[in-house]
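Each residue of the sequence shown is one higher than the one before, counting from 133 in the numbering used here.
Below is one structure, written out as structure tokens; the observations come after it.
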Amino acid sequence: MSEDIVLEVKGLRKVFHIGFFRKRVEAVKNASFSVKRGEIFGLLGPNGAGKTTTIKSILRLIFPSAGEIQIFGRSADDREAAKRVGYMPENPYVYQYLKPLEFLDLCGRLTGIPKVERRDRSEAMVDRVGLRHAVDRPIGKFSKGMMQRIGLAQALLHDPELLILDEPMSGLDPIGRKEVRDVLLEQRARGKTLLFTSHILSDVELLCDRVVIMQRGEITSEGKVHDLLASAGRQVEIRLSGASPALKDSLASRGVVVDNGEGHLTLRADGQKAVDEILRISNAAGARLDALVPERQTLENLFLQDASR
């Protein structure tokens with residue numbers, strides 16, 4: 133495996149047998165992707181798409197039914213490779229009676245950090261994730277957003293090379309999301325590699341270098357965010373004036389046309405070829421072009437298009 137590949141998943145399948153009659157549910161179907169060193173990689177999909185199952189298979193919290201997973205060129209079962217990974221679950225499980233520094237001290241002991249270094253790192257992490265004001269409060273009294281912050285702090289505590297984060301923005305307000313985004317970008321600037329899932333697609337678009345989209349356990353799209361958005365095409369809003377009823381009828385066969393009255397029409401076209409054709413017909417019919425407004429494609433639009441296939 134190339135030294136530039138930190139995580140490689142090949143042909144991952146996971147089958148669960150559920151209920152008294154052991155109903156067979158294939159949660160992940162032949163998923164393959166790789167994560168490169170120093171990038172932020174997004175794993176997207178609706179609830180039930182197989183994202184968390186994929187992450188848990190990578191971390192060996194569950195065992196895949198088939199496929200191969202390598203971390204830093206080693207099997208996912210290798211303990212030395214596992215030590216270089218930090219994980220933040222979607223719903224962090226913590227001892228409710230512990231305070232933030234006590235919890236981080238416990239996490240540091242479990243990862244083998246020496247006592248003095250453990251204390252210093254714990255103090256730094258509390259500040260970095262914005263929990264200094266709650267340092268004397270039991271974690272059981274934390275809000276959902278504060279729980280996410282302590283979960284992120286424990287994932288970063290041992291300075292891992294690969295961070296795997298399941299919905300790190302969940303429960304955070306806009307300020308909290310920005311603060312977490314800054315932490316993640318800071319980690320990438322330090323040469324770390326990140327894999328995370330999120331339902332907040334605007335954050336994914338801002339952060340990720342590459343993404344995969346999962347639907348019903350299968351990977352349906354994969355690539356750089358810029359390339360995926362470019363390949364999805366772009367809608368253009370066209371505004372015309374001086375349009376005759378005959379022109380309106382002609383254009384209606386090419387898409388949705390909104391009649392704004394007195395010969396003013398608004399319509400949308402997909403791609404340059406459709407725009408050129410509409411403009412040709414409109415010009416021949418004597419209509420005037422008032423505005424041509426390209427609409428910016430977003431990851432959310434792409435995600436919805438992918439889900440409707």
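Note that the Cβ used here is the ideal one computed from N, Cα and C, for glycine as well.
Model, not experiment: these values are computed from the prediction.
Practice task
Rank 354, 173 and 415 by C-alpha distance to the C-alpha of residue 346 and give the top, closest one.
Solution key: As a position in the sequence shown, residue 346 is number 214, starting the count at 1. Comparing Cα positions, the closest option is 354.
Exercise for the section: With residue 235 as the anchor, note down where its alpha helix (DSSP H) starts and where it stops. Expected result: Here residue 235 is taken as the residue at index 103 of the sequence shown, counted from 1. Unbroken alpha helix (DSSP H) run through residue 235: 232-242.
Practice task
Determine the direct distance from the alpha carbon of residue 204 to that of residue 315, and round the result to whole angstroms.
Solution key: The residue given as residue 315 occupies position 183 in the sequence shown. The residue given as residue 204 occupies position 72 in the sequence shown. So the two alpha carbons sit approximately 23 Å from each other.
Problem - Nearest-angstrom Cα separation, counted from residue 336 out to residue 235 - result: Along the sequence shown, one-based indexing puts residue 235 at 103. Along the sequence shown, one-based indexing puts residue 336 at 204. Roughly 29 Å between the two C-alpha positions.
Problem - Beta-carbon proximity check, residue 368 vs residue 300, cutoff 9 Å - result: Working through the sequence shown from its first residue, we reach residue 368 at position 236. Working through the sequence shown from its first residue, we reach residue 300 at position 168. Contact: no.
Problem - Burial state of residue 218 (16 or more Cβ within 10 Å) - result: As a position in the sequence shown, residue 218 is number 86, starting the count at 1. Its Cβ being crowded by 16 or more others within 10 Å, residue 218 is buried.
Problem - Backbone CA spacing between residue 232 and residue 195 [nearest angstrom] - result: Taking the first residue of the sequence shown as 1, we reach residue 232 at position 100. Taking the first residue of the sequence shown as 1, we reach residue 195 at position 63. Cα to Cα, residue 232 sits roughly 31 Å from residue 195.
Problem - residue 285 - containing alpha helix (DSSP H), residue span - result: Taking the first residue of the sequence shown as 1, we reach residue 285 at position 153. It spans 276-288 - the alpha helix (DSSP H) in which residue 285 sits, taken as one unbroken run.
Practice task
Could you tell me if residue 261 is buried or exposed, where buried requires 16 or more neighbouring beta carbons within 10 angstroms of its beta carbon?
Solution key: Locating residue 261 in the sequence shown gives position 129, counting from the first residue. Classification of residue 261: buried, given that the 10 Å Cβ count is 16 or more.
Practice task
Let me know if residue 163 comes out buried or exposed under the rule of 16 or more other beta-carbons within 10 Å of its beta-carbon.
Solution key: Indexing the sequence shown from 1 puts residue 163 at position 31. When all chains shown are included, residue 163 counts as buried.
Exercise for the section: Taking all protein chains shown into account, decide if residue 305 is buried (16 or more other Cβ within 10 angstroms of its Cβ) or exposed. Expected result: On the sequence shown, position 173 is the one that residue 305 refers to. Exposed, because fewer than 16 other Cβ atoms sit within 10 Å of the Cβ of residue 305.
Problem - Cβ pair residue 324, residue 289 closer than 9 Å - result: Along the sequence shown, one-based indexing puts residue 324 at 192. Along the sequence shown, one-based indexing puts residue 289 at 157. No, Cβ-Cβ distance for residue 324 and residue 289 is not below 9 Å.
Practice task
Less than 8 Å between the CB atoms is what I'm expecting for residue 338 and residue 173, so what's the real figure, rounded?
Solution key: Sequence index remark: in the sequence shown, residue 338 carries index 206 (1-based). Sequence index remark: in the sequence shown, residue 173 carries index 41 (1-based). Rounded, the Cβ-Cβ distance is 14 Å, inconsistent with contact.
Exercise for the section: Inspect the beta-carbon positions of residue 342 and residue 171 and report whether they are closer than 9 Å. Expected result: Numbered from its first residue, the sequence shown carries residue 342 at position 210. Numbered from its first residue, the sequence shown carries residue 171 at position 39. Closer than 9 Å, so yes.
Problem - Local Cβ density within 10 Å of residue 281, reported as buried at 16 or more and exposed below that - result: Here residue 281 refers to the residue found at position 149 of the sequence shown. The residue is buried, with at least 16 neighbouring Cβ atoms inside 10 Å.
Problem - Closest by C-alpha distance to residue 352, when choosing among 400, 317, 213 and 165 - result: Translated into the one-based positions of the sequence shown, residue 352 becomes position 220. Selected option, being the one with the closest Cα: 165.
Handout entry: Min CB distance residue 360 to chain D below 9 Å
Key = The chain labelled as chain D is not found in the depicted structure, where only one protein chain is given.
Problem - Buried or exposed (CB count within 10 angstroms, at least 16 for buried), residue 424 - result: The count along the sequence shown starts at 1 and reaches residue 424 at position 292. By the neighbour-count rule (16 or more Cβ atoms within 10 Å), residue 424 is not buried but exposed.
Exercise for the section: Measure from the alpha carbon of residue 371 to the alpha carbon of each residue in 419, 348, 386 and 403, then state which is nearest. Expected result: On the sequence shown, position 239 is the one that residue 371 refers to. Measuring from the Cα of residue 371, the nearest candidate turns out to be 419.
Handout entry: For residue 380, three-class secondary structure by DSSP
Key = Here residue 380 corresponds to residue number 248 of the sequence shown, with the count starting at 1. Three-state DSSP puts residue 380 in a helix.
Exercise for the section: With DSSP collapsed to three states, give me the class of residue 257. Expected result: Walking along the sequence shown from the start, residue 257 turns up at place 125. Correct three-state label for residue 257: helix.
Practice task
My understanding is that residue 395 touches residue 375, with C-beta atoms under 8 Å, so please give their C-beta distance in whole angstroms.
Solution key: The residue given as residue 395 occupies position 263 in the sequence shown. The residue given as residue 375 occupies position 243 in the sequence shown. Confirmed, about 5 Å.
Handout entry: Where residue 207 falls: helix, strand or coil (DSSP)
Key = The residue given as residue 207 occupies position 75 in the sequence shown. Three-state DSSP puts residue 207 in a strand.
Handout entry: Beta carbon of residue 220 nearer than 9 Å to that of residue 139
Key = Numbered from 1 along the sequence shown, position 88 holds the residue referred to as residue 220. Numbered from 1 along the sequence shown, position 7 holds the residue referred to as residue 139. No, these two residues do not count as a Cβ contact at 9 Å.
Exercise for the section: Any chance you could list the alpha helix (DSSP H) runs of at least 4 consecutive residues sitting entirely within the region 389-425, in chain order? Expected result: 404-416
Practice task
Less than 8 Å between the CB atoms is what I'm expecting for residue 183 and residue 175, so what's the real figure, rounded?
Solution key: Numbered from 1 along the sequence shown, position 51 holds the residue referred to as residue 183. Numbered from 1 along the sequence shown, position 43 holds the residue referred to as residue 175. Confirmed, about 5 Å.
Practice task
Out of 244, 161 and 386, point me to the one whose CA is closest to residue 413's CA.
Solution key: Position 281 of the sequence shown holds residue 413. The candidate whose alpha carbon is nearest that of residue 413 is 386.
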